[in-house]
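Numbering (our numbering), first residue to last: 327 to 405.
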């Protein structure tokens, strides 16, 4: 009986998700609003730099600062 309820819940969730996807209308995003001024587009190099290289570089800088400023390491003891 438990398997039947899980299957029913999954079917309801999938149906609700499908209905929401079908009812949304992305075609309205194609019409321009008054006052829109999108400006020039980005080149491929600009896009890769902005959305790939910049986040990786920011992650590397933050990770490096955490490693350098980590105070949980104990100093080596002299014997």
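Glycine residues also receive a C-beta, built at the ideal position from the N, C-alpha and C atoms.
Report the option in the options whose CA atom is closest to the CA atom of residue i.
| i | options | result |
| --- | --- | --- |
| residue 367 | 376, 396, 338 | 376 |
What's the gap between the Cα of residue i and the Cα of residue j?
| i | j | result |
| --- | --- | --- |
| residue 395 | residue 372 | 33 Å |
| residue 383 | residue 389 | 10 Å |
| residue 363 | residue 343 | 34 Å |
| residue 361 | residue 399 | 56 Å |
| residue 345 | residue 331 | 21 Å |
| residue 387 | residue 365 | 31 Å |
| residue 380 | residue 397 | 28 Å |
| residue 369 | residue 357 | 24 Å |
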